[in-house]
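For the sequence shown, the numbering used here assigns the number 7 to the initial residue and increments by one for each residue that follows. Using N, Cα and C, we set each Cβ at its ideal position, and we do this for glycine too.
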Amino acid sequence: MWPKLVFLFSFLALVFADNDDLIDLKVTQVFRVKSGTELGGCDNFDVNRWFSDARVLVKAAQEALSEAQQFFDKGNKDSQIESYLRAFFRFDPEDVSAKSTLEKMIEDINDVDIELKNTDGGDDMPWVFCDSTFAEQKSWSSKALVEGTGAPDPDGLTIKQAFPDVCQENYTKRKAALKKEKSGRKRMLLPREFYPFWVDDFKQYRYAEDVTYCNKAGKKNMAGTDDNMQPNTITFCTMNWKDHKYKGLSDFPPVVEEGLSLNHFAIGGLTFLHESFHYALLNEHTPDTAYNLEQITGSAPLDDGKIITTDQAVANPESWTMFALAWYLGSENKDFTFASSMSKRL
7 MWPKLVFLFS
17 FLALVFADND
27 DLIDLKVTQV
37 FRVKSGTELG
47 GCDNFDVNRW
57 FSDARVLVKA
67 AQEALSEAQQ
77 FFDKGNKDSQ
87 IESYLRAFFR
97 FDPEDVSAKS
107 TLEKMIEDIN
117 DVDIELKNTD
127 GGDDMPWVFC
137 DSTFAEQKSW
147 SSKALVEGTG
157 APDPDGLTIK
167 QAFPDVCQEN
177 YTKRKAALKK
187 EKSGRKRMLL
197 PREFYPFWVD
207 DFKQYRYAED
217 VTYCNKAGKK
227 NMAGTDDNMQ
237 PNTITFCTMN
247 WKDHKYKGLS
257 DFPPVVEEGL
267 SLNHFAIGGL
277 TFLHESFHYA
287 LLNEHTPDTA
297 YNLEQITGSA
307 PLDDGKIITT
317 DQAVANPESW
327 TMFALAWYLG
337 SENKDFTFAS
347 SMSKRL
């Protein structure tokens, strides 16, 4: 049972976004979506649906945290929010940091909501790509192109010569550190060498690990967010996605049985929501600590053998994604709870 704590949340309640425009806003009002079907083009994918579903799930998370506020203030015994927060964030309402943790969570989800409604546009409008082929890998010895125009460097310089500081920090120093470290375990923790990638859509170089944004170091990524340079980019690695049973939230049938895992409800909007946390809150503040449900809920240890902490979970985008989905499903199916990450009758 949560203690009845009176938190000074009145000012936070006012900041919960008004979602009256939830249906009308289009993804192209917030992001510059690459057109076509090649080089990262998204014409074969319903990006607007992913975007809309992500915003619905943001609203679900906001409503859940609003209920958490009321639960703290009034001790609503009928609320399921305690079990959801414990499951997905290992949130202990009796912990001395409970108040500040909930405040941070409310602030974070509101920041994501704000960024998904930011229609300012301009040159820094973020891009969305649907695979990583929009970025062409080059070697540091390749002839440089002039950023902004794409014309050949007038002096015939290589990329290394044209951008010596970038090469030094992202390639030369990293390569030397990797070569110097004799311990294989410690070497695995060091940052990999970065290589230049030319992005013709906005006539710039980007820098990343070898191969592609979507497949690096033997790992197939679902998506990636680049917030190091303007404009920011979100790349959906659609070639690595498994076929989804449902296209979007509105395709979910009523839940009639117990034991349905949240994984059963995988849709593109979940990946969009995950990347929205990286985009809105920055990669630096949203490390991907856990991806699978067992690690998120603490029923399995992380790769380092430890159980995920509350601080790690609050920063982990996939914890938010699963929390929002679980709360949404529970709200749509009143006879069930998904607080255990599986459907269970109330």
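Check                                                                                                                                                                      : Outcome
Examine the Cβ distances between the segment 84 to 91 and the segment 339 to 348 and report whether three or more of them are shorter than 8 Å.                            : yes
Hey, would you say Leu151 sits closer than 8 Å to Val36, going by beta carbons?                                                                                            : no
With respect to 7 Å, is the separation between the Cβ of Ala214 and the closest non-hydrogen atom of the ligand GTP below this value?                                      : As far as ligands go, the structure on display features none, and thus does not contain the ligand GTP.
Can you check DSSP and say which residues form a bridge with Ala141?                                                                                                       : Val205
Under 8 Å by Cβ, that's how I've got Asp114 and Leu331 pegged, so tell me the actual separation to the nearest angstrom.                                                   : Actually they do not touch by this definition, with Cβ atoms about 17 Å apart.
Alpha carbon to alpha carbon, how far is Met111 from Val102?                                                                                                               : 16 Å
Terminal residues of the continuous beta strand (DSSP E) containing Thr43?                                                                                                 : Element bounds for Thr43: n/a, residue is neither H nor E.
Can you give the beta carbon distance from Cys136 to Gly47, rounded, assuming they're within the 8 Å contact cut?                                                          : 6 Å
Which residue's Cα is closest to the Cα of Arg191: Lys40, Asp310, Gln318?                                                                                                  : Asp310
Could you tell me which whole beta strand (DSSP E) segments of length 3 or greater appear in the segment 273 to 348?                                                       : none
Just grab the DSSP bridge partners of Ala214 for me.                                                                                                                       : Tyr201
Alpha helix (DSSP H) containing Ala229: first to last residue?                                                                                                             : Looking at the DSSP string, Ala229 is not in any alpha helix (DSSP H); the run it does join, the beta strand (DSSP E), is 229 to 232.
Taking His291 and Ala229 to be in contact with their CB atoms under 8 Å, please state how far apart those CB atoms are, rounded to whole angstroms.                        : Their Cβ separation, rounded to whole angstroms, is 18 Å, which puts His291 and Ala229 out of contact at 8 Å.
May I have the straight-line CA-CA distance separating Gly154 from Ile165, to the nearest angstrom?                                                                        : 15 Å
Just the C-alpha distance for Ser41 and Val205, rounded to the nearest angstrom, thanks.                                                                                   : 15 Å
In the DSSP assignment, find the unbroken beta strand (DSSP E) run with Thr241 in it and report its ends.                                                                  : 239 to 242
Rounded to whole angstroms, how far is the Cβ of Asn339 from the Cβ of Pro260, which I believe are closer than 8 Å?                                                        : 6 Å
What is the rounded straight-line gap between the Cα of Lys350 and the Cα of Asp59?                                                                                        : 24 Å
Drop a sphere of 10 angstroms on the beta-carbon of Gln75, count the other beta-carbons inside from all chains shown, and report buried for 16 or more, exposed for fewer. : buried
For Asn50, collect the residues of the same chain with a Cβ closer than 6 Å to its Cβ; drop the 5 residues on either side in sequence, then sort them by chain order.      : Thr43
By the DSSP assignment, the alpha helix (DSSP H) with Trp56 in it spans what residues?                                                                                     : 53 to 80
Could you check what DSSP says for Phe13 in three-state terms: helix, strand or coil?                                                                                      : With a pLDDT of 37 at Phe13, under the threshold of 50, the predicted position of this residue should be treated as unreliable, and no value is reported.
Say whether the segment 291 to 305 touches the segment 65 to 74, bearing in mind that this needs 3 or more beta-carbon pairs closer than 8 Å, one atom from each stretch.  : no
For chain B, is any of its Cβ atoms less than 8 Å away from the one on Arg96?                                                                                              : The structure shown contains no chain B, having only a single protein chain.
Any chance the segment 138 to 147 sits against the segment 311 to 328, with 3 or more Cβ pairs inside 8 Å?                                                                 : no
Would you tell me roughly how many angstroms separate the C-alpha atoms of Gly128 and Gly254, rounded to the nearest one?                                                  : 30 Å
State the CB to CB distance for the pair Phe94 and Ser305, rounded to an integer number of angstroms; the pair is presumed to be in contact (CB under 8 Å).                : About 12 Å separates the two Cβ atoms, so there is no contact after all.
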